[in-house]
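First the structure, in the form of structure tokens, and then the observations on it.
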Amino acid sequence: MKLKNEITDLLKQNGAFASAVFSFEKNHSKILEKDIPAFKLWLSENAHAEMSFLENNFEARANPNLILPNVKNAIIILFPYATGHRTRNSKYKNLNKHDNFINEESIISKKLISRYVYGKDYHKTLKNNLNKIAKNLQNYLNNQFQYRAVVDSIPFFDRAHAREAFLGFIGKNTMLIRPGMGSFFFIATLLTDLPLEEIIELNQNKINPIGNLDCGECRKCLDACPTNAFKKPYFLDANRCLSYLSIEHRDIVPNEFISHFKNTIYGCDICQEVCPYNIVTTDFSILKEFSEYHKPFLSLNVKEIALMDITQYEKWFGGTAATRAKFQGLVRNALYHLYATKTDGLNDILDNLASSNNELILKTIKQLKELLNK
Numbered sequence: 001m002k003l004k005n006e007i008t009d010l011l012k013q014n015g016a017f018a019s020a021v022f023s024f025e026k027n028h029s030k031i032l033e034k035d036i037p038a039f040k041l042w043l044s045e046n047a048h049a050e051m052s053f054l055e056n057n058f059e060a061r062a063n064p065n066l067i068l069p070n071v072k073n074a075i076i077i078l079f080p081y082a083t084g085h086r087t088r089n090s091k092y093k094n095l096n097k098h099d100n101f102i103n104e105e106s107i108i109s110k111k112l113i114s115r116y117v118y119g120k121d122y123h124k125t126l127k128n129n130l131n132k133i134a135k136n137l138q139n140y141l142n143n144q145f146q147y148r149a150v151v152d153s154i155p156f157f158d159r160a161h162a163r164e165a166f167l168g169f170i171g172k173n174t175m176l177i178r179p180g181m182g183s184f185f186f187i188a189t190l191l192t193d194l195p196l197e198e199i200i201e202l203n204q205n206k207i208n209p210i211g212n213l214d215c216g217e218c219r220k221c222l223d224a225c226p227t228n229a230f231k232k233p234y235f236l237d238a239n240r241c242l243s244y245l246s247i248e249h250r251d252i253v254p255n256e257f258i259s260h261f262k263n264t265i266y267g268c269d270i271c272q273e274v275c276p277y278n279i280v281t282t283d284f285s286i287l288k289e290f291s292e293y294h295k296p297f298l299s300l301n302v303k304e305i306a307l308m309d310i311t312q313y314e315k316w317f318g319g320t321a322a323t324r325a326k327f328q329g330l331v332r333n334a335l336y337h338l339y340a341t342k343t344d345g346l347n348d349i350l351d352n353l354a355s356s357n358n359e360l361i362l363k364t365i366k367q368l369k370e371l372l373n374k
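For the sequence shown, position 96 matches number 96 in UniProt numbering, and the numbering has no gaps at all.
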């Protein structure tokens with residue numbers, strides 16, 4: 001449902017590109033009927049791999065009152081973090097002013113990290129923005145309503161709720177896609193106990209065309225996945241996904257996937273990069289926190305990451321979402337990349353790290369030594 005124009009303007013002043021309202025009273029049954037059973041099936045097939053937290057918080061996903069008591073609606077907001085490969089009539093062509101200063105061997109220059117970690121940690125940035133929006137909205141409405149700022153660290157079906165609010169449709173790659181914007185955006189939600197009539201435009205009879213869109217016959221994302229992580233359209237097996245393996249997986253990666261680290265040390269954007277909706281997007285601005293690259297990434301290379309100590313890790317990666325992979329995970333990933341690219345001197349690097357007291361790093365060294373000696 002469409003927000004009042006004054007509220008939409010308020011959201012735009014805080015970096016929002018698109019927004020809408022989801023009513024739990026009117027539409028939550030759709031989530032219970034469609035998304036809860038699909039999520040249960042996904043869990044039952046162990047497609048969530050070792051992400052047990054997805055099982056542990058299942059009740060809250062089905063009952064939003066466990067997140068915010070007496071919740072009535074959700075104001076759902078899309079914050080872009082990257083444009084498409086080309087933008088139509090863009091006045092924002094120079095968003096990233098560091099382009100001329102990037103070391104050609106850096107992890108950004110070689111596109112070895114997912115786009116969403118180029119800037120500041122989105123969790124903190126979006127929560128700050130949501131809290132600011134809530135305070136401004138309280139002042140505008142003269143109503144000290146209860147709210148909860150929700151980013152993806154809270155058990156909430158953000159993509160499904162955004163779909164039901166007609167902010168986009170779910171693609172075969174399981175991403176929320178908004179025509180004209182693509183899928184390179186964060187979904188942030190403000191759960192509130194506000195009465196619906198206080199925040200929406202009345203007499204909304206116009207049919208939203210996004211509700212009738214889908215991927216059609218296109219399967220570019222499915223065919224481009226290097227590890228065949230999609231068992232079928234709309235079903236991602238995390239056990240085979242490079243994003244999962246390079247970020248959430250806390251052990252050594254099975255040998256069959258190591259060669260795919262040739263193109264990454266953190267995350268994977270391939271199923272989004274090939275999506276036609278991300279090739280050309282409309283004109284939009286991006287929050288400064290996301291449009292400006294994290295400075296260490298401009299020169300940091302993979303060998304430096306492989307050999308970094310914990311102090312360097314905190315200096316180079318602190319304040320970014322890349323810390324999700326943790327120190328040992330990033331070292332592991334860097335070593336896999338050096339192996340996959342047949343980098344000279346890898347044996348010396350492994351020997352240099354042999355005195356580490358980190359279990360995962362030692363297991364990775366042993367794994368790669370065995371592969372090198374085959």
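Here a beta-carbon is modelled for each residue, glycine too, at the ideal position from N, C-alpha and C.
Quick caveat: nothing in here was measured; it's all calculated off a predicted structure.
Here Ala60 is not near Leu32, since their CB atoms are 8 angstroms or more apart. Within the same chain, and ignoring the five residues on either side of Val117 in sequence, the residues whose Cβ sits closer than 6 angstroms to its Cβ are Thr320, Ala321, Ala322.
When secondary structure is reduced to three states using DSSP, Tyr313 falls in the helix class. Look at the stretch 9–89 and you find these whole runs of alpha helix (DSSP H), each 4 residues long or longer: 24–30, 36–44, 53–56, 58–62.
For Leu236, the secondary structure class from DSSP, reduced to helix, strand or coil, is strand. The straight-line gap separating the alpha-carbon atoms of Asn139 and Arg178 is approximately 31 angstroms.
By alpha-carbon distance to Thr189, the top candidate from Ile265, Asn357, Asn129 is Asn129. Tyr116 sits in a helix when the DSSP states are folded into three classes.
The alpha-carbon separation between Leu68 and Asn357 amounts to approximately 43 angstroms. Our two residues, Leu330 and Tyr277, have alpha carbons roughly 31 angstroms apart in a direct line. Nearest to Ile279 by C-alpha distance, out of His249, Phe184, Thr364, Ala238, is Phe184. If you draw a straight line from the Cα of Leu372 to the Cα of Thr83, it is about 40 angstroms long. Annotated three-state conformation of Phe230 is strand, per DSSP. By DSSP's assignment, Arg148 forms a beta bridge with Leu191. The straight-line gap separating the alpha-carbon atoms of His123 and Ile154 is approximately 11 angstroms. Going by beta carbons, Leu300 and Ser44 fall outside the 8 angstroms limit. In the DSSP annotation of this structure, His260 is not part of any alpha helix (DSSP H), being labelled neither H nor E.
Distance check between Lys288 and each of Asn14, Arg250, Thr227 places Asn14 closest, using alpha-carbon atoms only.
If you compare the alpha carbons of Lys132, Phe156, Asn73 with that of Phe53, the shortest gap goes to Phe156. With a beta-carbon spacing of about 17 angstroms, Asn103 and Leu307 fall beyond the 8 angstroms limit used to define contacts. By a beta-carbon distance limit of 8 angstroms, Cys268 does not contact Gly171. Their separation comes to about 15 angstroms. Secondary structure of Phe186 (DSSP, three-state): strand.
Straight-line spacing of the CA atoms in Lys30 and Thr174 works out to 18 angstroms. DSSP links Tyr266 through a beta bridge to Ile113.
Sequence-distant partners of Gly182 (beyond 5 residues in either direction) whose C-beta falls short of 6 angstroms from its own C-beta, in its chain, are Gly84, Tyr277, Asn278, Thr281. Within the stretch 332–361, the runs of alpha helix (DSSP H) that reach at least 4 residues and sit entirely inside it are, in chain order, 346–353.
An exposed status is given to Glu25, since fewer than 16 other beta-carbon atoms sit within 10 Å of its beta-carbon.
By the beta-carbon neighbour count (other beta carbons within 10 angstroms, threshold 16), Ala354 is exposed. Using a 10 angstroms sphere on the CB of Leu242, the tally of other CB atoms reaches 16 or more, which defines it as buried. Here Leu167 carries a coil assignment [DSSP, helix/strand/coil].
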